[in-house]
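There are 2 protein chains.
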Amino acid sequence: MKKPASKPAEATAVHQVDDETLRNFIGYHMKRAFNVVQADLVQTLKPFDLRMLTYTALVLIVDNPGLRQSQLADAMDIERPNLVVIIDELERRELINRERVPTDRRAYALIATLAGRRLYEKAVAAVIAHESVLLDGIDETTRATVIAAMKQIEKSPRKG
Amino acid sequence: MKKPASKPAEATAVHQVDDETLRNFIGYHMKRAFNVVQADLVQTLKPFDLRMLTYTALVLIVDNPGLRQSQLADAMDIERPNLVVIIDELERRELINRERVPTDRRAYALIATLAGRRLYEKAVAAVIAHESVLLDGIDETTRATVIAAMKQIEKSPRKG
DNA sequence: TATTGTTATACTCTATAACTATA
DNA sequence: TATAGTTATAGAGTATAACAATA
Numbered sequence: 115m116k117k118p119a120s121k122p123a124e125a126t127a128v129h130q131v132d133d134e135t136l137r138n139f140i141g142y143h144m145k146r147a148f149n150v151v152q153a154d155l156v157q158t159l160k161p162f163d164l165r166m167l168t169y170t171a172l173v174l175i176v177d178n179p180g181l182r183q184s185q186l187a188d189a190m191d192i193e194r195p196n197l198v199v200i201i202d203e204l205e206r207r208e209l210i211n212r213e214r215v216p217t218d219r220r221a222y223a224l225i226a227t228l229a230g231r232r233l234y235e236k237a238v239a240a241v242i243a244h245e246s247v248l249l250d251g252i253d254e255t256t257r258a259t260v261i262a263a264m265k266q267i268e269k270s271p272r273k274g
Numbered sequence: 115m116k117k118p119a120s121k122p123a124e125a126t127a128v129h130q131v132d133d134e135t136l137r138n139f140i141g142y143h144m145k146r147a148f149n150v151v152q153a154d155l156v157q158t159l160k161p162f163d164l165r166m167l168t169y170t171a172l173v174l175i176v177d178n179p180g181l182r183q184s185q186l187a188d189a190m191d192i193e194r195p196n197l198v199v200i201i202d203e204l205e206r207r208e209l210i211n212r213e214r215v216p217t218d219r220r221a222y223a224l225i226a227t228l229a230g231r232r233l234y235e236k237a238v239a240a241v242i243a244h245e246s247v248l249l250d251g252i253d254e255t256t257r258a259t260v261i262a263a264m265k266q267i268e269k270s271p272r273k274g
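Line order of the protein sequences matches chains A and B. Start counting the first sequence at 115; every next residue gets the next number (this note's numbering). Start counting the second sequence at 115; every next residue gets the next number (this note's numbering).
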């Protein structure tokens, strides 16, 4: 894929792979495009020692001070057990704190630290810059259409 | 997300999580939508004992008889080592065969068996049916726009 | 030297059951 | 009994290095 380069004659017989059956299968394209976005994001976030999930969690906590873990898991659309290690990591790095909720001692309110908010500022700027490169050539209208379609698929009743 | 249901007063204070920072981040929506598509596909393919990757490999092999593993890995956009176990599984189930290429004894030509072609027919029909449900409410023009945008992102220079 | 397929390995993400402490 | 957070665990996808056989 990266380099078609020079292939032996036998190989070039099929060098253009027929993917007609898959071409109208939207999941096929979403997977491939998402892999590119994901790989780019990994590189973009590496300097900040964040991954997509730690980045998303940090952003939502900064923007929603006092958020509970279960609410964050819902917002991120991941299972609660999987969120625990993400919160553990952010807390270990002193980017956020778990604070006991006095009125419900089972729950934690998640609060970003100053360091967390500073990292947020830098990481968000980097992600926006990288994404604008990735989406270069796709006009605003199209972007909005794509995002609206993604949201519609997200809300599909088949989800639960 | 699945069930906002009844939450204690303290929780409802933030029951609408502010995701404004993430809203225009296309990767955020792609991830969430892809998870829905992926989860649906898992269910759709379960009766055939296929996963997204084994399904994709089977389809491409049926449509491209004689394909080499390295070409298939390129077409599927996965690393060659990861394809090996997929091919192993399809071969163990006698859906495909690895056949030595006389002119290049390093390579294998991948050929679907009759059973493989029969499973292909059924699985492709099921996937098309399920996807049409998933995309219900998204008109043809929008679907084409989304697929075109995905292809453009796929081809981003940042990929390699 | 380079390429095909392979092995081994590690990391990430996802998903479920079962536990604890609170409510 | 139900919920919030946790632990443990398993399955799947992704990525890299290194190897044998062959070109």
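C-beta: ideal position from N, C-alpha, C; glycine also. Bear in mind the structure is a predicted one, so any value in this text is a computation, not a measurement.
Evaluate residue 182 (chain B) with the Cβ neighbour count: other Cβ atoms within 10 Å of its Cβ, from every protein chain shown; 16 or more gives buried, anything less gives exposed. It counts as buried.
Output yes if chain B places a C-beta closer than 7 Å to the C-beta of residue 141 (chain A); else output no. Residue contact with chain B for residue 141 (chain A): present (Cβ-Cβ distance below 7 Å to some residue of chain B).
Since residue 211 (chain A) sits in a beta bridge, which residues does DSSP pair it with? Under DSSP, residue 211 (chain A) forms a beta bridge with A:225.
Would you mind telling me which residues of chain A sit closer than 7 Å to residue 189 (chain B), beta carbon to beta carbon, in chain order? Chain A residues near residue 189 (chain B): 131, 133.
Proximal residues of chain B, C-beta to C-beta of residue 245 (chain A) below 8 Å: Near residue 245 (chain A) (Cβ distances below 8 Å), the residues of chain B are 139, 140, 141.
Does DSSP classify residue 191 (chain A) as helix, strand or coil? Here residue 191 (chain A) sits in coil by DSSP.
If we call anything under 7 Å between Cβ atoms a contact, is residue 229 (chain A) one with residue 213 (chain A)? No; because the gap between Cβ atoms is not below 7 Å, this pair is not in contact.
Go to residue 141 (chain A), then tell me how far its alpha helix (DSSP H) extends in each direction, as first and last residue. According to the DSSP assignment, residue 141 (chain A) belongs to the alpha helix (DSSP H) that extends over 140 to 159.
Could you give the C-beta distance for residue 201 (chain B) and residue 171 (chain B), rounded to a whole number, given that I count them as a contact under 8 Å? With a Cβ gap of about 7 Å, residue 201 (chain B) and residue 171 (chain B) count as contacting.
Mind reading off the beta-carbon distance from residue 175 (chain A) to residue 226 (chain A)? Whole number of angstroms is fine, and I expect it under 8 Å. Confirmed, about 5 Å.
How many angstroms separate the CA atom of residue 169 (chain B) from the CA atom of residue 131 (chain B)? One C-alpha to the other measures close to 37 Å.
Cβ distance (whole Å) where residue 177 (chain B) is taken to contact residue 244 (chain B) below 8 Å: Contact doesn't hold; Cβ gap of about 20 Å is too wide.
Just to confirm, is the Cβ distance from residue 148 (chain B) to residue 233 (chain B) under 7 Å? Result no, Cβ atoms of residue 148 (chain B) and residue 233 (chain B) do not sit closer than 7 Å.
Looking at C-alpha atoms only, which residue of B:143, B:152, B:134, B:136 is the closest neighbour of residue 248 (chain B)? Comparing Cα-Cα distances from residue 248 (chain B) to each of B:143, B:152, B:134, B:136, the minimum goes to B:152.
Go ahead and label residue 198 (chain B) buried or exposed: buried means 16 or more other beta carbons lie within 10 angstroms of its beta carbon, across all protein chains shown. Label assigned to residue 198 (chain B): exposed.
Which two residues bound the contiguous alpha helix (DSSP H) that contains residue 217 (chain B)? Segment: none, residue 217 (chain B) is in no alpha helix (DSSP H) and carries neither H nor E.
Measuring CB to CB, does residue 221 (chain B) end up less than 7 Å from residue 252 (chain A)? With respect to the 7 Å criterion, residue 221 (chain B) and residue 252 (chain A) are not classified as neighbours on the basis of their beta carbons.
For a test of your reading of the model: does the CB of residue 150 (chain A) fall under 6 Å from any non-hydrogen atom of the ligand ZN? Yes or no. Absence of the ligand ZN from the depicted structure is noted, as is the absence of any ligand whatsoever, leaving it without description.
Could you tell me the alpha carbon to alpha carbon distance between residue 270 (chain A) and residue 146 (chain B), rounded to whole angstroms? Straight-line Cα distance between these residues: approximately 11 Å.
So, under 8 Å CB-CB, residue 260 (chain B) and residue 260 (chain A) are touching, yes? Tell me the CB distance rounded to an integer number of Å. Taking the Cβ atoms as the reference, residue 260 (chain B) lies roughly 5 Å from residue 260 (chain A), within the contact range of under 8 Å.
What does DSSP give as the partner residues of residue 182 (chain A) in its beta bridges? Residue pairing by DSSP places residue 182 (chain A) opposite A:223 in a beta bridge.
For residue 172 (chain B) and chain A, any beta-carbon pair shorter than 7 Å? For residue 172 (chain B), the answer is no, since every Cβ of chain A falls outside 7 Å of its Cβ.
Please look up how many angstroms separate the CB atoms of residue 135 (chain A) and residue 238 (chain B), rounded, as I've assumed it's under 8 Å. That pair is a contact at about 6 Å.
DSSP state of residue 252 (chain A) mapped onto helix, strand, coil: Residue 252 (chain A) falls in the coil class under three-state DSSP.
If you run the structure through DSSP and keep just helix, strand and coil, what is residue 199 (chain B)? Helix.
For residue 263 (chain A) and chain B, any beta-carbon pair shorter than 7 Å? It does; some Cβ of chain B falls within 7 Å.
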